[in-house]
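Colleague: Input: one structure, supplied below.
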Amino acid sequence: MEDVTLEENTITNEKKVSVIMKFIQKIKSWWKNATKVQKSAALILLVAIIGGGAIAVYSFSADSKEPVVPPLSNIGNSDVVATEPEEPKDKALPLTGELVTMSEYADIIDRKVLAVVVENHPDARPQSGLNDADIVFETLVEGGITRFVGIFQSKTPEVVGPVRSVRKYFLDFIAGFGDPLFMHIGGAVSDNPEANALAVLSQRSVKSLGLLNGTSWRVSDRFAPHNAYSSVVQLRETAKDMGWTGSPSLETWKYKDPVSNVENVTAPTINVNWGSWGSNSWSVTWKFDSATNRYFRFHQNEAHIDAVTRDQLTARNVIIMYTPQALANDGTSRIVVDAIGTGKALIFRDGTVIEGQWSKDTFTDAYTFEDAQSNAIPLNRGNSWLMVVSLDSEVTY
Numbered sequence: 001m002e003d004v005t006l007e008e009n010t011i012t013n014e015k016k017v018s019v020i021m022k023f024i025q026k027i028k029s030w031w032k033n034a035t036k037v038q039k040s041a042a043l044i045l046l047v048a049i050i051g052g053g054a055i056a057v058y059s060f061s062a063d064s065k066e067p068v069v070p071p072l073s074n075i076g077n078s079d080v081v082a083t084e085p086e087e088p089k090d091k092a093l094p095l096t097g098e099l100v101t102m103s104e105y106a107d108i109i110d111r112k113v114l115a116v117v118v119e120n121h122p123d124a125r126p127q128s129g130l131n132d133a134d135i136v137f138e139t140l141v142e143g144g145i146t147r148f149v150g151i152f153q154s155k156t157p158e159v160v161g162p163v164r165s166v167r168k169y170f171l172d173f174i175a176g177f178g179d180p181l182f183m184h185i186g187g188a189v190s191d192n193p194e195a196n197a198l199a200v201l202s203q204r205s206v207k208s209l210g211l212l213n214g215t216s217w218r219v220s221d222r223f224a225p226h227n228a229y230s231s232v233v234q235l236r237e238t239a240k241d242m243g244w245t246g247s248p249s250l251e252t253w254k255y256k257d258p259v260s261n262v263e264n265v266t267a268p269t270i271n272v273n274w275g276s277w278g279s280n281s282w283s284v285t286w287k288f289d290s291a292t293n294r295y296f297r298f299h300q301n302e303a304h305i306d307a308v309t310r311d312q313l314t315a316r317n318v319i320i321m322y323t324p325q326a327l328a329n330d331g332t333s334r335i336v337v338d339a340i341g342t343g344k345a346l347i348f349r350d351g352t353v354i355e356g357q358w359s360k361d362t363f364t365d366a367y368t369f370e371d372a373q374s375n376a377i378p379l380n381r382g383n384s385w386l387m388v389v390s391l392d393s394e395v396t397y
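Shown next as structure tokens:
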């Protein structure tokens with residue numbers, strides 16, 4: 001039986017050899033008669049087959065190996081970059097009390113404060129950029145019309161305006177912010193020294209960007225004088241060119257963390273009529289939202305919005321400052337405002353009101369706000385809106 005099996009295997013092997021030899025002979029015969037193009041194509045195909053086989057063998061071998069674990073001594077030298085821990089937000093900004101990282105703080109605190117006069121005539125609404133101001137002053141200018149002074153440091157809006165002229169008491173508002181930059185277009189000229197804004201601007205050596213060329217532009221979709229705009233970004237570049245740089249020395253108010261989902265709201269709305277003018281286009285209502293702990297601004301029940309973002313104007317703190325105000329008696333309807341000294345203040349915060357007083361002893365001093373016991377009143381971290389009203393203004397809440 002074994003001899004038969006061996007013989008069969010021998011015959012089978014001989015047949016295989018015969019087949020292989022015939023195949024080789026055919027290849028030789030084909031190669032001899034093949035053209036150069038056919039020979040080139042055959043060589044390329046052969047190389048591809050050999051290369052593919054090699055890759056397949058390598059892949060199989062690689063997959064079958066055990067993973068190589070580096071020795072513990074090499075782990076510290078790996079190329080993996082460790083993730084840097086996030087910077088803590090533990091630095092309070094001077095004008096808002098908002099907490100930022102050290103790198104953000106270093107960038108912001110190096111900017112000079114910039115004050116911009118923004119008008120509030122109905123033809124100037126909606127305005128641009130006021131929501132980006134750290135602080136906004138609002139007060140009468142003449143004929144029951146109010147105007148704003150936006151104080152910018154932490155944010156730099158591309159567009160702010162419409163920009164209008166300066167009043168002397170605007171300079172009182174801004175002087176306590178460490179020799180600030182000031183943007184306006186024109187100013188009141190009067191034979192009354194208390195109303196002659198441009199004279200005081202020169203006497204006090206205010207860094208007026210409004211007296212320089214190229215710091216504003218006018219748009220065509222609004223009528224003059226309600227169509228002049230500027231850019232906080234560009235104004236800072238101009239100030240840099242003038243050499244008006246350097247970290248300002250700023251006094252800071254006392255701040256606290258705002259409460260979320262406020263309960264026990266006792267002053268949900270604030271209504272302000274300016275002086276003896278009663279209810280008009282400049283009357284203001286603030287409505288408190290307990291979910292966000294913010295006050296939303298309205299003019300005669302119409303939401304006051306930003307022209308660029310379309311967001312409603314809001315404030316974290318609303319402060320009413322009562323001041324003596326009177327006509328300038330210079331042949332115009334302009335007024336003078338006594339904004340240096342002390343006076344009654346209402347501080348609205350967390351949906352409640354605190355009665356206190358404002359103080360500013362000299363032109364360059366910052367405003368302070370204290371309670372009846374002369375303690376600084378903590379404001380919520382965020383932007384503040386200061387409404388400088390006359391003693392006879394109607395404020396209800």
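Under UniProt numbering, think of the first position of the sequence shown as 1, with each following residue one higher.
Ideal placement from N, C-alpha and C gives every residue a C-beta, glycine not left out.
If you run the structure through DSSP and keep just helix, strand and coil, what is Trp244?
Modeller: Of the three classes helix, strand and coil, the one that applies to Trp244 here is coil, per DSSP.
Colleague: Ignore the nearest five residues each way along the sequence and tell me which others in Ala345's own chain have a CB closer than 8 Å to its CB.
Modeller: Hits under 8 Å: Ile319, Ile320, Met321, Tyr322, Glu355, Gly356, Gln357, Trp358, Phe369.
Colleague: DSSP three-state label for Glu194, please.
Modeller: Residue state, collapsed to three classes: coil.
Colleague: Within its chain, find whatever has a CB closer than 6 Å to the CB of Glu119; leave out the 5 residues flanking it on each side and keep chain order.
Modeller: Around Glu119: Arg147, Pro162, Arg164.
Colleague: Are Thr96 and Asn293 close, meaning C-beta to C-beta below 8 Å?
Modeller: No; because the gap between Cβ atoms is not below 8 Å, this pair is not in contact.
Colleague: Over the uninterrupted beta strand (DSSP E) stretch that includes Glu104, give me the two end residues.
Modeller: First-last for Glu104: 102-109, but that is the alpha helix (DSSP H), not the beta strand (DSSP E).
Colleague: Using the Cβ count rule (16 or more neighbours within 10 Å means buried), how would you classify Ser202?
Modeller: With fewer than 16 other Cβ atoms within 10 Å, it is exposed.
Colleague: Just list the residues that DSSP pairs Tyr255 with in beta bridges.
Modeller: Tyr255 pairs with Leu379.
Colleague: From Tyr255 to Val141, what distance separates their C-alpha atoms?
Modeller: For Tyr255 and Val141, the distance between alpha carbons rounds to 31 Å.
Colleague: Any contact between the region 128-139 and the region 203-213? By contact I mean 3 or more CB pairs, one from each, below 8 Å.
Modeller: Touching, no.
Colleague: Going by C-alpha distance, which of Asp371, Val232, Gln373, Ser390 is nearest Val337?
Modeller: Looking at the Cα atoms, Ser390 is the closest of the given residues.
Colleague: Which same chain residues, not among the five before or five after residue 401, have their C-beta less than 6 Å away from its C-beta?
Modeller: Residue 401 lies beyond the residue range present for the chain, which begins at 1 and ends at 397; the question has no answer from this structure.
Colleague: DSSP three-state label for Gly186, please.
Modeller: Looking at Gly186 - three-state DSSP - the assignment turns out to be coil, as it is neither helix nor strand.
Colleague: Pick out the complete alpha helix (DSSP H) segments inside the region 84-158, 4 residues or longer, and give them in chain order.
Modeller: The qualifying runs are 102-109.
Colleague: For Pro88, count neighbouring C-beta atoms within 10 Å of its own C-beta (all shown protein chains included) and say buried if the count is 16 or more, exposed if not.
Modeller: Exposed: under 16 other Cβ atoms inside 10 Å.
Colleague: Does the distance from the CB of Trp253 to the CB of Leu379 come in under 8 Å?
Modeller: Contact: yes.
Colleague: Taking all protein chains shown into account, do 16 or more other C-beta atoms lie within 10 angstroms of the C-beta of Leu327, making it buried, or fewer, making it exposed?
Modeller: Exposed, by the Cβ-count rule.
Colleague: Is it the case that the Cβ atoms of Gly330 and Asp191 are separated by a distance below 8 Å?
Modeller: Strictly speaking, residue 330 in this sequence is Asp, with Gly absent from that position. Result yes, Cβ atoms of Asp330 and Asp191 sit closer than 8 Å.
Colleague: Assuming Asp289 is part of the alpha helix (DSSP H), what are its boundary residues?
Modeller: Looking at the DSSP string, Asp289 is not in any alpha helix (DSSP H); the run it does join, the beta strand (DSSP E), is 284-289.
Colleague: Can you tell me where the beta strand (DSSP E) holding Ile319 begins and where it ends?
Modeller: Looking at the DSSP string, the run of the beta strand (DSSP E) that includes Ile319 is 317-323.
Colleague: Tell me the DSSP bridge mates of Arg294?
Modeller: For Arg294, which the question treats as bridged, DSSP gives the partners Asp289.
Colleague: Cβ atoms of Phe348 and Asn317: under 8 Å apart, would you say?
Modeller: Yes, they are a contact pair.
Colleague: Which residue's Cα is closest to the Cα of residue 421: Ser393, Trp385, Thr396?
Modeller: What is shown of the chain runs 1 to 397, which leaves residue 421 out entirely.
Colleague: May I have the straight-line CA-CA distance separating residue 458 from Tyr367, to the nearest angstrom?
Modeller: No information on residue 458 is available, as it lies outside the stretch 1 to 397 that the chain covers here.
Colleague: What would DSSP say about Asp392, mapped onto helix, strand or coil?
Modeller: Coil at Asp392, not helix or strand.
Colleague: In terms of residues, what are the limits of the alpha helix (DSSP H) holding Phe170?
Modeller: Segment 168-174, the alpha helix (DSSP H) holding Phe170.
Colleague: Is DSSP giving Glu302 helix, strand or coil here?
Modeller: Three-state result, Glu302: strand.
Colleague: Specify the secondary structure class of Phe177 as computed by DSSP and reduced to three states.
Modeller: Three-state result, Phe177: coil.
Colleague: If you compare alpha carbons, which of His226, Val219, Gly214 is closest to Ile237?
Modeller: Reading off the sequence shown, one finds Glu at residue 237, where the question assumed Ile. Nearest option by C-alpha distance: Gly214.
Colleague: Strictly by DSSP, which residues pair up with Arg310?
Modeller: BP columns for Arg310 are empty, so no partner.
Colleague: To the nearest angstrom, how far is the alpha carbon of His184 from that of Thr139?
Modeller: Cα to Cα, His184 sits roughly 16 Å from Thr139.
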